[in-house]
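Enquirer:
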Amino acid sequence: MSLTPARLKADPSSPHIVFIITDDMGWADTSLVGSSQIPTPNLDALAANGRLLSQYYTLPQCTPSRSALMTGLYPIRLGLQFNVYAPSEKGGLNVSVPTIAERLKSLGYQTHALGKWHLGYSSIVYTPRRRGFDTFFGSYNEATNYFNPLYNFYNHCGVDLWDNEDPVRDTGGAYSTHLLAGRAIDIISNHDSSKTVDMTTDAPERNLEKFPYIGDRNRTLLAGTVDVVDESIGRVVKALYDRGMLSNTVIVFTSDNGGSPFGIFSNTGSNWPLRGSKGTLWEGGIRVPAVVWSPLLPRDKDQGVVLPQLVHVVDWLPTLYSAAGE
């Protein structure tokens, strides 16, 4: 999932902001921290010319993590510290608490959300377009299908791919990450240097063929997924460059929580050498890779270095709001 705010009526000096948050990516699921199993050259390039946050922490599950990102508040302040929103569950992100999208809109930004929401949708007031995003293309739930818009989980079945409030019933078998990256690139290419995008990512067969040395088939599927994410990041960066926006852009990459190497919801993610997994408060569940890249960062001896300072998911809202000019 990625979030990209860019300017419309904002001060021309305000940066474009691209926030990319993946789902359940473990500590050792990229080459950012030295894993040789799944190379991620585009992410590595961002880190080599930016800042790798080696002590970045989040929450152990999707809804708590995403609520903290959106509001800058610890999820216990929102009553969302436990578990995740299930399909048709009542409630949603507290409408009295402004989101990062609403705060950026107050500065003149346009905002666009692509990908997984997972912050409630029992009433339209909880959905992305009522929470500060100008447009939304993605799913409301977890565990959606990567190749068609049908949702079939928790004894619920139906279409869960939305273009704003309109259901998308046919994607022609396109892979979901490609759909989301394509929509993000369209927004960048067609906008007037002033928009916000939010994108989710997933992996097709040609990407799986890159990893014959991984013996476990499910781990190979994860590697292909990560490879598509990395390719999509490269495409988005190129689109920003082609549009003349890259020189005034901040890009953030991270995961909502750690990987899930075992259990009913396993994605064969690896948090090695960290202990624990998604859903736990061990480091494997809450310590994840994070990168910040921007030409606006000071070009000094810290360029491309690992920063050991503690950073938490609630820090993004005040940090990016400050970068936007407030």
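Heads up, the sequence shown is in full-length UniProt numbering, so the first residue is 1 and it goes up one at a time. Here a beta-carbon is modelled for each residue, glycine too, at the ideal position from N, C-alpha and C.
1) CB-CB under 8 Å to residue 122, same chain, minus the five flanking residues each way: which ones, in chain order?
2) Measuring CA to CA, which of 294, 280, 217 is closest to residue 253?
3) Rounded to whole angstroms, what's the CA-CA distance from residue 269 to residue 105? Just pull it up for me.
4) Assuming contact is defined by CB atoms lying nearer than 9 Å, are residue 136 and residue 112 in contact in what I supplied?
5) Are the beta-carbon atoms belonging to residue 50 and residue 291 less than 9 Å from one another?
6) Can residue 220 and residue 176 be called in contact, C-beta distance under 9 Å?
7) Would you kindly report the start and end of the unbroken beta strand (DSSP E) that includes residue 316?
8) Do residue 81 and residue 59 have their beta-carbon atoms positioned less than 9 Å apart in this structure?
9) State the Cα-Cα distance for the pair residue 53 and residue 307, rounded to the nearest angstrom.
10) What does DSSP give as the partner residues of residue 292 in its beta bridges?
11) Going by beta carbon distance, what residues of the same chain come within less than 8 Å of residue 324, once the five residues before and after it are set aside?
12) Expressed to the nearest angstrom, what Euclidean distance is found between the alpha-carbon atoms of residue 228 and residue 278?
13) Is the distance from the Cβ of residue 181 to the Cβ of residue 235 below 9 Å?
14) So the beta strand (DSSP E) residue 21 belongs to, where does it begin and stop?
15) Closer than 7 Å by C-beta to residue 68: which residues in its own chain qualify, once you throw out the five before and the five after it? Chain order, please.
16) Going by DSSP, what residues sit across from residue 156 in a beta bridge?
17) Looking at residue 226: is its Cβ nearer than 9 Å to the Cβ of residue 44?
18) Taking Cβ positions, are residue 126 and residue 159 nearer each other than 9 Å?
19) Taking a contact to mean a Cβ-Cβ separation below 9 Å, would you say residue 20 touches residue 251 in this structure?
20) Give the secondary structure of residue 219 by DSSP, where H, G and I count as helix, E and B as strand, and everything else as coil.
Expert: To lay it out plainly:
1) Counting from 1 along the sequence shown, the entry for residue 122 is found at position 122. These residues qualify, in order along the chain: 88, 89, 90, 91, 92.
2) As a working mapping, residue 253 is identified with position 253 in the sequence shown. Residue 294 is the option with its Cα nearest to residue 253.
3) On the sequence shown, position 269 is the one that residue 269 refers to. On the sequence shown, position 105 is the one that residue 105 refers to. Their Cα atoms are separated by approximately 36 Å.
4) Along the sequence shown, one-based indexing puts residue 136 at 136. Along the sequence shown, one-based indexing puts residue 112 at 112. Yes. Within cutoff.
5) Counted from its first residue, the sequence shown places residue 50 at position 50. Counted from its first residue, the sequence shown places residue 291 at position 291. Cβ distance < 9 Å, so residue 50 and residue 291 count as in contact.
6) If you number the sequence shown from 1, residue 220 lands on position 220. If you number the sequence shown from 1, residue 176 lands on position 176. For residue 220 and residue 176, no; Cβs fall outside 9 Å.
7) Locating residue 316 in the sequence shown gives position 316, where the first residue counts as 1. Counting along the chain, residue 316 falls outside any beta strand (DSSP E), though it belongs to the alpha helix (DSSP H) covering 316-323.
8) To locate residue 59, count along the sequence shown from 1; it is residue 59. To locate residue 81, count along the sequence shown from 1; it is residue 81. Contact: yes.
9) Here residue 53 refers to the residue found at position 53 when the sequence shown is read from its first residue. Here residue 307 refers to the residue found at position 307 when the sequence shown is read from its first residue. Looking at the two C-alpha atoms, the distance is approximately 5 Å.
10) Locating residue 292 in the sequence shown gives position 292, counting from the first residue. 51, 252.
11) As a working mapping, residue 324 is identified with position 324 in the sequence shown. Excluding residues within five positions, the ones whose Cβ falls inside 8 Å are 5, 10, 14, 15, 17, 104, 107, 109.
12) Taking the sequence shown and counting its residues from 1, the one referred to as residue 228 is at position 228. Taking the sequence shown and counting its residues from 1, the one referred to as residue 278 is at position 278. Cα to Cα, residue 228 sits roughly 22 Å from residue 278.
13) To locate residue 181, count along the sequence shown from 1; it is residue 181. To locate residue 235, count along the sequence shown from 1; it is residue 235. Yes, the pair counts as a contact, with Cβ atoms nearer than the cut-off.
14) Indexing the sequence shown from 1 puts residue 21 at position 21. Counting along the chain, the beta strand (DSSP E) containing residue 21 begins and ends at 16-22.
15) Residue 68 sits at position 68 when you count from the first residue of the sequence shown. So the qualifying residues of the chain are 59, 74, 75, 313, 314.
16) What you label residue 156 is simply residue 156 of the sequence shown in a count that begins at 1. 153.
17) Numbered from its first residue, the sequence shown carries residue 226 at position 226. Numbered from its first residue, the sequence shown carries residue 44 at position 44. Contact: no.
18) The residue labelled residue 126 in the question sits at position 126 within the sequence shown. The residue labelled residue 159 in the question sits at position 159 within the sequence shown. No Cβ-Cβ contact shorter than 9 Å links residue 126 with residue 159.
19) Within the sequence shown, residue 20 is the residue found at index 20, counting from 1. Within the sequence shown, residue 251 is the residue found at index 251, counting from 1. Yes, the pair counts as a contact, with Cβ atoms nearer than the cut-off.
20) Taking the sequence shown and counting its residues from 1, one reaches residue 219 at position 219. Three-state DSSP puts residue 219 in a helix.
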